[in-house]
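Colleague: Read in order, the letters of the sequence shown are residues 1 to 90 in my numbering.
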Amino acid sequence: MDKKVRIYDMKQKEVVNSKDCKRLGYIVDIELDLDEGKLKKIIVPGPAKMLGMFGRDKEYQINWNQIKKIGEDIILVDINEESDLVKSDY
């Protein structure tokens, strides 16, 4: 059976770290490799600064190989928050 999922559908699923069951949030962006035609990373906003009043300056950049399972409602990932939480490029 050929399984397919659209980016819109993936953005509706909550991303959860399987290491500690922490909810990371929802996908806001993706990174594609246009030369190879492959999805490289999903981008999830990092934690809000100071009670959420000053926005976010970091994001989780989660490589495709760190995605363990795409389910009905959630996407399970296996990340190290310290190394995968990086300063946002935008």
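Just so you know, even glycine gets a beta-carbon here, dropped at the ideal spot from N, CA and C.
(1) Roughly how many angstroms separate the alpha carbons of methionine 10 and aspartate 57, rounded to a whole number?
(2) Quick check on DSSP: helix, strand or coil for lysine 11?
(3) Since leucine 39 and isoleucine 30 should fall inside the 8 angstroms C-beta cutoff, what is the C-beta to C-beta distance between them, to a whole number of angstroms?
(4) If you check the beta carbons only, do isoleucine 74 and valine 28 fall under 8 angstroms apart?
(5) Along the alpha helix (DSSP H) that carries aspartate 84, what are the first and last residues, could you check?
Modeller: Per the coordinate set shown:
(1) 23 angstroms
(2) helix
(3) 6 angstroms
(4) no
(5) 81 to 84
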